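The sequence shown maps to residues 1 to 306 in the UniProt record's numbering.
The beta-carbon is built from N, C-alpha and C at its ideal position, and this holds for glycine as well.
Bear in mind the structure is a predicted one, so any value in this text is a computation, not a measurement.
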Amino acid sequence: MNPEKLAHENHKLEKRLCREVGRAIVDFNMIEAGDRVMVCVSGGKDSYGLLDILMKLQARAPIDFEIIAVNLDQKQPGFPDHILPEYLGRLGVKHHIETQDTYSIVKKVIPEGKTMCSLCSRLRRGILYRVAKELGATKIALGHHRDDMLQTLFLNMFFGGKLKGMPAKLVSDNGEFMVIRPLAYVPEKDLIRWAEVRQFPIIPCTLCGSQENLQRKQVGNLLRDWDKKFPGRLENMLTALQNVVPSHLMDRKLFPFESIEVTGEADEDGDKAFDEEPLPEPVPPTTDDETGNEVPARAVIPIAAH
Ligand code: SF4
1 MNPEKLAHEN HKLEKRLCRE VGRAIVDFNM IEAGDRVMVC VSGGKDSYGL
51 LDILMKLQAR APIDFEIIAV NLDQKQPGFP DHILPEYLGR LGVKHHIETQ
101 DTYSIVKKVI PEGKTMCSLC SRLRRGILYR VAKELGATKI ALGHHRDDML
151 QTLFLNMFFG GKLKGMPAKL VSDNGEFMVI RPLAYVPEKD LIRWAEVRQF
201 PIIPCTLCGS QENLQRKQVG NLLRDWDKKF PGRLENMLTA LQNVVPSHLM
251 DRKLFPFESI EVTGEADEDG DKAFDEEPLP EPVPPTTDDE TGNEVPARAV
301 IPIAAH
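Right under this line is the structure:
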């Protein structure tokens, strides 16, 4: 790609990232005037991207809010502990590095070969809550993105028996903090590209030596595969998370099935009995045989609900 075109593409990506993060912040009222937002930075592409875009938005926001970047150095072997302080210092953002050797604790407690993640993340959560309190943070911002949210939804369905994703904004489990995920609308592929554009000093996430969660990896591959074969499908799934129809699910806590009664009034959202529900399904573009041009396919494939 020639340099001019590349610069144009990068500019478009930056605009898109700012727009999507801004949209999530507004939709969920994530950041308010006077907030002190603690941005958790791990050294991975997502949290670097989050901090970067939040700083851009902060510079042009009509309200004043503070950002404090926080990294927890868990003393994993080989963790290059100079990278983040140097990077954050260069950015000129307020930051705090918390050093706690959770690695040794986890190693001591968890038998060799067993997965360490649940204890490790529990310890990390406790430390980050304490740090947030000490820093007077009103919000804790995490770098989970759209694909993380969809992965969580599928994992909960497949293995947890729950229709439950990852919240864009929720009070922390100890009841003390508002946790926000401003990248909720951002596809992972945009963050991968942005990390290349910005040349973030990425710290590898395999230092702890823990095995990758195989199920999460499989679901991640499934989503990536769908995204390639059926462009638009992941966007649709994210939209679906914002358009829940409790009467068409089976959770009796969300809809009073036991007590509903016939009203005699027509209702568009009522049961259509034997009708097939046509579901628009995005399909990948095809090539026009005559012209060789790409034709965006917008076919509606009726899927019968028997
Ligand atoms: S991958 Fe390593 S650092 Fe991350 S939660 Fe698991 S044990 Fe902790």
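Cβ-Cβ distance between residue i and residue j below 8 Å
| i | j | result |
| --- | --- | --- |
| Leu123 | Glu98 | no |
| Ala141 | Cys208 | no |
| Ala137 | Val37 | yes |
| Asp46 | Gly165 | no |
| Val21 | Leu155 | no |
| Pro246 | Tyr87 | no |
| Ile67 | Gln58 | yes |
| Gly43 | Leu84 | yes |
| Gln151 | Gly89 | no |
| Arg233 | Asp225 | no |
| Ala24 | Ile63 | no |
| Arg197 | Asn10 | For clarity, residue 197 is Val in the given sequence; the question names Arg instead. Result yes, Cβ atoms of Val197 and Asn10 sit closer than 8 Å. |
| Phe159 | Gln215 | yes |
| Glu258 | Arg252 | yes |
Selected residue, minimal CA-CA separation from residue i, among the options
| i | options | result |
| --- | --- | --- |
| Met30 | Met1, Gly209, Lys56 and Phe65 | Phe65 |
| Lys272 | His248, Glu4 and Leu241 | His248 |
| residue 308 | Leu135, Leu163, Met166 and Asp190 | With the chain represented from 1 up to 306, any question about residue 308 goes unanswered, as that position is not in the structure. |
| Leu17 | Met1, Gly49 and Glu86 | Gly49 |
| Val186 | Leu91, Gly126 and Leu238 | Leu238 |
| Val171 | Phe28, Lys15 and Ile203 | Phe28 |
| Asn174 | Ser210, Arg125 and Ala184 | Arg125 |
| Leu222 | Gly43, Leu153 and Met116 | Leu153 |
| Gln242 | Pro77, Met55 and Pro167 | Pro167 |
| Lys56 | His145, Glu14 and Val197 | Glu14 |
| Lys94 | Ile110, Val70, Asp101 and Lys229 | Val70 |
| Asp35 | Gln76, Ala132 and Phe159 | Ala132 |
| Leu6 | Gly264, Ile68 and Arg193 | Arg193 |
| Pro204 | Ala24, His11 and Gly78 | Gly78 |
| Arg181 | Gly160, Met149 and Met157 | Met149 |
| Cys120 | Pro111, Ile127 and Val106 | Val106 |
| Gln74 | Arg60, His11 and Ser104 | Ser104 |
| Lys162 | Gly44, Ala61 and Met250 | Met250 |
| His96 | Phe230, His82 and Val109 | His82 |
| Arg146 | Asp190, Glu32 and Arg198 | Asp190 |
| Ser118 | Leu128, Ser210, Lys139 and Ala24 | Ser210 |
| Lys139 | Lys217, Val179, Gly160 and Pro231 | Val179 |
| Met116 | Leu51, Glu212 and Val26 | Glu212 |
| Gln199 | Ala61, Glu4, Asp52 and Gly264 | Asp52 |
Ligand 1 heavy atom lying under 7 Å from the CB of residue i
| i | result |
| --- | --- |
| Met116 | yes |
| Ser104 | no |
| Ser247 | no |
| Ser47 | no |
| Ser172 | no |
| Ser259 | no |
| Cys208 | yes |
| Cys120 | yes |
Proximity test, Cβ basis, 8 Å: residue i and chain D
| i | result |
| --- | --- |
| Arg198 | Structure shown: chain D not included; a single protein chain is present. |
Extract the residue ranges of the beta strand (DSSP E) inside the segment 39 to 123, only unbroken runs of 3 or more that lie entirely within it. 66 to 73 and 94 to 99
Enumerated in chain order, which unbroken segments of the beta strand (DSSP E) with a length of 3 residues or greater are wholly contained in the segment 221 to 286? 278 to 280
Complete alpha helix (DSSP H) runs within the segment 171 to 205 (minimum length 4 residues, chain order): 188 to 198
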